[in-house]
Structures are given as C-alpha cells and as structure tokens.
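Trainee: Mind the numbering: the sequence shown is residues 313 to 640 in our numbering, read in order. Every residue, glycine too, gets a C-beta built ideally from N, C-alpha and C. Small disclaimer: the values here were computed from a predicted structure and weren't measured.
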Amino acid sequence: MRDEKKEICRIFSEASHFVVTSHQNIDGDGLGSALALYFLLRRMGKRARVVYDGRVPYFYRFLPGSAQVLSFEEFSVEKEPFEVLVVVDCSNPARVGRVEGFLKEARYVVNIDHHPDNAFFGHANFVVPGSPASALLVYELARELHIPPDADIATSILTGIVTDTGGFQFAELNQNLFAVVGELVASGASLSTIMYHVFRFRRLEALKLLSRALHHLTFDPVCGCASMHLTQEDFRECGAQEEDAEGVVDYGLYIPEARVSVFFKEIAPNTYKVSLRSRDDFDVLPVAHHFGGGGHQRAAGFKITGPFPSVYREVLDFLRTTVLGSSK
Ligand SMILES: [Mn+2]
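(1) Under 6 Å from any heavy atom of ligand 1, does the C-beta of residue 629 make it?
(2) On the DSSP letters alone, give me the boundaries of the beta strand (DSSP E) that residue 530 sits inside.
(3) Closer than 8 Å by C-beta to residue 419: which residues in its own chain qualify, once you throw out the five before and the five after it? Chain order, please.
(4) Looking only at its own chain, which residues have a Cβ that is under 7 Å from the Cβ of residue 406, when we skip the five neighbours before and after it?
(5) Assuming contact is defined by CB atoms lying nearer than 7 Å, are residue 401 and residue 342 in contact in what I supplied?
(6) Per DSSP, residue 616 forms a beta bridge with which residues?
(7) Quick check on the DSSP output: the alpha helix (DSSP H) that includes residue 490 runs from which residue to which?
(8) Among the residues of its own chain, which have a CB less than 6 Å from the CB of residue 435, if the five just before and after it don't count?
(9) What I want to know is whether the C-beta of residue 403 ends up closer than 6 Å to one or more non-hydrogen atoms of ligand 1.
(10) Within the present structure, is the beta-carbon of residue 341 separated from the nearest heavy atom of ligand 1 by less than 6 Å?
(11) Given 6 Å as the limit, tell me if residue 325 has its C-beta closer than that to any heavy atom belonging to ligand 1.
(12) By how many angstroms is the C-alpha of residue 534 removed from the C-alpha of residue 333?
(13) Based on the DSSP output, what are the partners of residue 333 in its beta bridges?
(14) What are the boundary residues of the beta strand (DSSP E) that residue 355 is part of?
(15) Return the chain-ordered ranges of every beta strand (DSSP E) run that is complete within the segment 508 to 561 and spans a minimum of 3 residues.
(16) Please state the DSSP three-state secondary structure of residue 599.
(17) Does the beta carbon of residue 476 fall short of 6 Å from some heavy atom of ligand 1?
(18) Please confirm whether any heavy atom of ligand 1 lies closer than 6 Å to the CB of residue 446.
(19) Could you tell me the boundaries of the beta strand (DSSP E) in which residue 364 lies?
(20) Check whether the Cβ atoms of residue 350 and residue 331 lie closer than 7 Å to each other.
(21) Does residue 472 come out as helix, strand or coil in the three-state DSSP assignment?
(22) From this set, 390, 385, 427 and 393, which residue's C-alpha is nearest residue 409's C-alpha?
(23) CA-CA distance, residue 572 and residue 584?
(24) Output the distance between the C-alpha atoms of residue 562 and residue 589, rounded to the nearest integer angstrom.
(25) For the beta strand (DSSP E) that residue 421 lies in, which residues bound it at each end?
(26) For residue 472, which of 520, 492 and 625 has the nearest alpha-carbon?
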C-alpha cells in the first residue's frame with residue numbers, strides 16, 4: 313500500500329503554490345491544523361494561503377497567522393493561482409462551503425483528517441480515525457519532513473490537540489501524547505494561553521446565551537439523554553452570534569447519569585443544527601448518519617428542518633430508542 317504521508321511530503325516538496333482550508337463552523341482543530349500547515353509550507357519556502365469560507369471566531373484570533381486567513385471573497389479578488397489544495401479536519405468536501413469549487417481547479421487535493429466517516433476525496437489521503445486531533449497528523453507530517461516546530465507551528469498544533477481533546481478530558485493524556493505536548497511546549501507553545509482562549513475567553517453575549525441554553529436544559533433519566541436548545545429569538549435577545557454557542561452542548565454531560573447530550577441551535581427560521589456528545593459507552597455517529605450528518609463517535613452533528621416541537625420529538629425519540637437499544 314502507498315504510504316500516504318510520504319506521498320504528501322512529495323507533493324509538498326514538488327509543488328510551490330498552496331491553498332489550505334478547513335470545514336465551515338471552524339473549530340480549534342480545523343484552524344490550528346490549517347495554520348500549522350501554512351507555517352510549515354512557508355518554512356519550506358512555498359507560497360501558501362489559508363482560505364476559509366466563514367469568519368474566524370474571535371476567541372481563536374490569538375492564534376499566530378489567524379489575521380492572514382483569507383475569506384472566500386478576499387481570495388476571489390486576489391485570484392492567485394494555486395496547484396495544491398490541502399483540506400484538513402474535514403470528512404467531506406461539501407463541508408468547506410464555496411471552497412469546494414477549488415477541488416476541480418487543483419492539480420492535487422491533499423486530505424488530512426481524523427473523522428471515521430472521511431470520504432477519501434483527495435489524490436493523497438492521510439486519514440487516521442483513531443487520532444485525537446487532525447493537528448496531531450500535521451505534527452507527524454512535520455516530523456516526516458524533518459521540520460522541527462517553531463513557536464507558531466507548535467501553538468497551532470497544540471491548539472488543535474487541546475480543542476479536540478476538550479483540554480485532555482476526552483482523550484487520555486498518555487505517554488505518547490504527553491511527549492508530543494512536551495515537545496510543543498519546549499518549542500514555544502503556551503498551554504495556559506491556549507486553554508484560556510479555547511475554554512474561558514467568552515464575551516458577555518456568549519455567557520448570556522449559555523444561561524438561556526442551561527435554562528432550557530432537560531434530562532431524561534431513563535435513557536440518560538440531556539437536551540438543550542437555542543432559538544433565533546434567544547440569539548437576538550442576547551445580541552449573540554452563532555459562534556457564541558460554541559461549547560454549549562458539553563454542559564449536558566456534566567450530569568453524572570448522562571450518556572448523551574443533544575443541543576438544538578436554530579440557525580435560520582425552522583432550521584436547526586443539532587450537536588451530539590456522548591460518553592465512552594455510546595456511539596453518536598450512527599445517530600448523526602441517520603439524520604444525514606457526520607462526525608466522530610463521541611461528537612457528531614447534523615442539520616434538520618421543521619417546527620421545533622416535531623424536530624425535537626423526532627430526534628429525541630430516535631435517540632431514546634438507540635440509547636436504550638445499546639448495551640449499558
Ligand atoms: Mn478535529
């Protein structure tokens with residue numbers, strides 16, 4: 313079998329113009345991985361751009377290079393040619409928004425990801441579903457390229473790891489991961505700065521929104537399902553944006569008996585983004601797939617439309633049946 317890591321290193325060495333992108337509704341792993349690749353390619357003397365179809369959330373703007381991220385519009389104006397499109401932390405090209413059109417333009421598409429349902433859409437696919445973060449795969453690539461991380465690369469990679477492990481709560485900080493974190497810290501990354509921005513740097517509007525979501529929190533002790541929702545009205549009344557709901561779904565699992573947390577976010581009238589989180593013993597990915605979404609075993613999501621009461625009932629009924637049907 314072809315070594316995908318080596319193939320990507322070959323593409324990185326041979327080509328000279330790169331666009332790096334990640335999924336819409338970007339998180340610390342998507343952005344951290346994209347920026348780490350950007351710095352890595354620049355260290356190799358390449359021309360690289362990070363293009364993202366969306367706005368970088370304010371709490372990730374501490375990241376070095378985040379000001380250089382181009383919106384889809386900004387890049388379209390610039391019209392700079394590129395040979396390679398690197399898509400990172402993204403299971404499916406439909407998730408990159410309008411950047412999806414670049415897949416046809418690129419000579420090579422490089423796919424670096426850790427989602428179990430990755431569609432292998434690249435010419436080279438470095439996909440490791442067991443990896444705690446895509447950023448760890450970027451770390452491996454840097455090693456393969458013999459490029460020791462500098463402070464910018466280290467900060468970007470560690471932000472990805474911190475985000476996707478929930479600050480080392482969802483993945484055990486074993487000796488291997490600890491060694492990587494040690495090297496990144498030695499290279500100039502500040503773990504406390506990253507933890508602060510990823511988890512505790514939230515504007516008043518976001519905290520007001522969180523209080524609304526918690527106010528709506530309900531728990532079904534029979535199946536261990538915790539649920540929350542936020543309506544468009546909640547967002548309006550709090551003066552909040554979509555990015556302000558980041559992390560809300562995690563609160564459902566604070567309940568000791570909770571096995572799964574579900575969070576409904578109304579993003580347009582009667583259109584809901586649904587996030588799912590679970591503990592080790594329950595896989596939410598089949599639930600997300602059932603509703604046409606995707607993600608990971610412990611964190612997944614999908615979109616659904618309809619009036620809230622019927623949407624809520626449909627999802628909760630399916631969840632209940634699935635949770636109760638799975639072994640305890
Ligand atoms: Mn990720």
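Mentor: Let's see:
(1) no
(2) Residues 530 to 532.
(3) 327, 395 and 396
(4) For residue 406, the CB contacts under 7 Å within the same chain, skipping 5 residues up- and downstream, are 412 in chain order.
(5) yes
(6) 584
(7) 487 to 498
(8) 420 and 421
(9) no
(10) Yes; taking the cut-off as 6 Å, the Cβ of residue 341 has a heavy atom of ligand 1 nearer than that.
(11) no
(12) 42 Å
(13) 399
(14) Segment 340 to 355 is the alpha helix (DSSP H) holding residue 355; no beta strand (DSSP E) there.
(15) 530 to 532 and 537 to 542
(16) helix
(17) yes
(18) It does: the Cβ of residue 446 is within 6 Å (strictly closer) of some heavy atom of ligand 1.
(19) 359 to 364
(20) no
(21) helix
(22) 385
(23) If you take the alpha carbons of residue 572 and residue 584, they lie about 18 Å apart.
(24) One C-alpha to the other measures close to 7 Å.
(25) 420 to 425
(26) 492
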